[in-house]
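Below: one structure, written as structure tokens.
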Amino acid sequence: MAYELAQVNVGRLVAPLTSPQLKDFVDALDPINALADAAPGFVWRMQTEDGNATAIRAFEWDTGTSAGVIVNMSTWRSVEDLAAYVYSGEHRAVLKRRREWFERMPEAFTALWWVPEGHRPGTAEAEDRIRHLRAHGPTPYAFTFRETFPPGGAVPEPGQADWFCKA
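Residues in the sequence shown are numbered consecutively from 1, following the UniProt record's numbering.
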């Protein structure tokens with residue numbers, strides 16, 4: 001069976017998306033998403049029919065005291081392809097500014113897992129993977145860049161040192 005890597009990441013907003021504080025973030029969304037869409041190994045990105053991922057409602061149980069939660073979910077050919085996009089170039093520059101736009105989250109806010117090729121995960125599946133990762137740590141069911149698992153594998157593999165954002 002062929003697999004694709006699913007990823008979800010959530011962010012608790014420090015202010016509403018319409019606020020001046022989040023203007024740079026909102027302005028960067030379309031260009032950054034276009035880079036992802038064109039990146040080697042990119043397969044699919046969750047979005048509404050009009051191309052807006054920020055309008056998708058999920059993780060509302062995880063809002064806390066924030067101005068709301070936004071979710072990003074996509075599928076990729078491999079962990080390496082996703083990491084190459086996430087930790088390089090323009091995306092890394094935006095990632096380094098995340099503290100301006102998102103609350104610190106002490107618990108896991110990103111989860112990776114393998115799905116059958118062509119499967120498009122939904123928000124309920126993503127919420128389940130985040131909850132599982134928070135409760136059990138990295139497992140083949142939900143893992144992180146720091147500790148990955150091969151498709152169908154139970155033996156963890158360490159992530160590469162350049163896959164971690166120091167920001």
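Ideal Cβ positions, reconstructed from N, Cα and C, are used throughout, including at glycine. Small disclaimer: the values here were computed from a predicted structure and weren't measured.
Contact set for residue i: own chain, Cβ-Cβ below 6 Å, skip 5 residues either direction
i      : result
Trp113 : Ala6, Arg129, Ala142
His119 : none
Asp62  : Val69
Beta-carbon gap between residue i and residue j smaller than 8 Å
i      : j      : result
Glu127 : Ala58  : yes
Phe109 : Val43  : no
Ile56  : Thr123 : yes
Ile70  : Thr48  : no
Leu95  : Gly41  : no
Trp76  : Glu125 : no
Leu13  : Trp101 : yes
Other residues of its chain near residue i: CB distance less than 7 Å, five sequence neighbours each side excluded
i     : result
Val26 : Leu17
Beta-ladder partner(s) of residue i, from DSSP
i    : result
Glu4 : Val115
Cβ shell of residue i (< 8 Å), same chain only, five flanking positions each side left out
i      : result
Glu107 : Arg134
Ala36  : Phe42, Arg45, Ser74, Tyr85, His91
Ile32  : Glu90, His91, Val94
What are the uninterrupted segments assigned as alpha helix (DSSP H) that are 4 or more residues long and contained completely in the segment 51 to 138, given in chain order? 79 to 86, 89 to 95, 98 to 101, 123 to 136
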